[in-house]
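What follows is one structure encoded as structure tokens, with my remarks underneath.
Number of protein chains: 2
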Amino acid sequence: METDLFKTRISEEGLKATKQREEILNIFMTSSGHQNLAQIYAQVAKINPKIGYTTVYRTLKLLTHLGLATQRKFADGETRYEPASEGSHHDHLICLDCGKIIEFEDQTLETLQNGIARRHRFKISHHRMEIYGCCEECHRKKRMGRRKS
Amino acid sequence: METDLFKTRISEEGLKATKQREEILNIFMTSSGHQNLAQIYAQVAKINPKIGYTTVYRTLKLLTHLGLATQRKFADGETRYEPASEGSHHDHLICLDCGKIIEFEDQTLETLQNGIARRHRFKISHHRMEIYGCCEECHRKKRMGRRKS
DNA sequence: ATACTTGCAAATTGTTTGCATATGA
DNA sequence: TCATATGCAAACAATTTGCAAGTAT
Numbered sequence: 001m002e003t004d005l006f007k008t009r010i011s012e013e014g015l016k017a018t019k020q021r022e023e024i025l026n027i028f029m030t031s032s033g034h035q036n037l038a039q040i041y042a043q044v045a046k047i048n049p050k051i052g053y054t055t056v057y058r059t060l061k062l063l064t065h066l067g068l069a070t071q072r073k074f075a076d077g078e079t080r081y082e083p084a085s086e087g088s089h090h091d092h093l094i095c096l097d098c099g100k101i102i103e104f105e106d107q108t109l110e111t112l113q114n115g116i117a118r119r120h121r122f123k124i125s126h127h128r129m130e131i132y133g134c135c136e137e138c139h140r141k142k143r144m145g146r147r148k149s
Numbered sequence: 001m002e003t004d005l006f007k008t009r010i011s012e013e014g015l016k017a018t019k020q021r022e023e024i025l026n027i028f029m030t031s032s033g034h035q036n037l038a039q040i041y042a043q044v045a046k047i048n049p050k051i052g053y054t055t056v057y058r059t060l061k062l063l064t065h066l067g068l069a070t071q072r073k074f075a076d077g078e079t080r081y082e083p084a085s086e087g088s089h090h091d092h093l094i095c096l097d098c099g100k101i102i103e104f105e106d107q108t109l110e111t112l113q114n115g116i117a118r119r120h121r122f123k124i125s126h127h128r129m130e131i132y133g134c135c136e137e138c139h140r141k142k143r144m145g146r147r148k149s
């Protein structure tokens with residue numbers, strides 16, 4: 001359980017491990033990732049309706065600060081959170097039909113960005129790459145639909 | 001002047017070319033790009049304070065629809081607009097210190113995305129790539145500062 | 001003439017904060 | 001004990017809409 005890491009990190013910061021925070025952490029860590037605050041709150045509320053929206057908001061902010069969560073903003077502008085994967089960087093494929101978000105890793109891409117940055121004498125902090133389009137499943141459905149009609 | 005294209009496109013859609021729209025178009029097209037609505041509005045207001053914020057908002061939305069503007073959202077979540085460059089796709093380097101946004105084009109990147117998509121059986125619509133870091137100018141300033149102290 | 005446009009005010013949405021009360025270390 | 005956390009309500013900011021009056025075609 002990542003609860004241990006959580007307790008370590010949180011006490012390092014002189015903050016408190018409350019039951020609300022642990023509950024939110026558990027739900028968040030076992031969730032599918034890439035969810036916005038409303039979605040995470042909905043899940044939390046299903047299990048413990050006593051927990052307020054604000055607490056979920058502040059907890060996700062805290063988890064991000066502790067390095068246990070990552071904030072993402074895709075083209076739709078919504079703020080989403082995903083459990084932080086230590087080390088490896090990844091990017092995303094985003095289906096415009098069903099909204100599915102697929103993670104991918106590509107070493108060439110990591111190398112490529114270095115060349116681009118060098119050409120512009122730019123010191124890289126990080127990058128993000130998103131590919132928008134249609135996932136296999138939705139594409140299949142579309143073909144089926146076309147066939148039927 | 002892109003006013004001609006504007007008039008063509010707008011009448012194609014059965015809409016009207018008003019002086020507000022033309023004024024906003026001119027300011028927008030000659031602007032530096034990557035500006036948010038408030039910034040564009042500020043420029044418009046300087047020249048014609050009679051034009052309302054809502055009109056600027058709706059006009060930029062319209063220009064986007066007509067294919068004359070492109071909406072962008074970078075990591076800060078702000079909605080920005082840039083004059084649409086027909087044809088060529090480009091991506092961005094974004095300086096985290098001064099906020100400068102540099103455009104770049106990279107053919108390898110375009111090729112690379114095709115491979116990634118193919119591996120995931122994904123039909124690409126478009127992509128976006130942003131590299132965050134420190135631009136040459138800011139980097140130099142930092143070094144100067146360090147030397148002084 | 002009439003459908004489209006404007007600009008104000010007001011609604012909406014997503015995010016963030018103030019504060020009195022409750023609680024973990 | 002006492003600094004930190006909670007949850008409500010309310011502030012905020014950015015975006016979007018309703019509507020009466022104005023305008024391009």
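Top line first, the protein sequences correspond to chains A and B.
Quick note on numbering: this note's numbering labels position 6 of the first sequence as 6, and the sequence is numbered without any gaps.
Quick note on numbering: this note's numbering labels position 99 of the second sequence as 99, and the sequence is numbered without any gaps.
The beta carbon of each residue, even a glycine, is placed where N, CA and C say it ideally should be.
Between Q113 of chain A and H127 of chain A, the beta carbon gap of about 5 Å places them in contact (Cβ cut-off 8 Å). Of the other Cβ atoms in all chains shown, 16 or more fall within 10 Å of the Cβ of L63 of chain B; this residue is therefore buried.
For H120 of chain A, the chain B residues whose Cβ falls inside 7 Å of its Cβ are L93, I102, F104, in order along the chain.
The alpha-carbon of Q71 of chain A is positioned some 26 Å away from that of G33 of chain B. Across the structure, T111 of chain B and T111 of chain A are spaced so that their CA atoms are roughly 14 Å apart. For the segment 119 to 145 of chain A, the beta-carbon criterion of a distance under 7 Å to any beta-carbon of chain B is satisfied by H120, R121, F122, K123, I124, S125, H126, H127, R128, M129, E130, I131, Y132, G133, C134, C135, E136, H139.
Annotated as distal: T79 of chain A and I24 of chain A, with beta-carbon spacing of 8 Å or more. Against chain B, a Cβ distance below 9 Å from K73 of chain A picks out K73, F74, A75, D76, G77.
Counting only residues of its own chain and dropping the five nearest sequence neighbours on each side, R21 of chain A has a CB closer than 6 Å to the CB of T59.
Note on geometry: alpha-carbon atoms of Q35 of chain B and L96 of chain A lie some 26 Å from one another. Taking the beta carbon of A38 of chain A as reference, no residue of chain B falls within 8 Å; the closest one sits roughly 16 Å away. Chain-ordered, the chain A residues with CB closer than 7 Å to the CB of T108 of chain B read L112.
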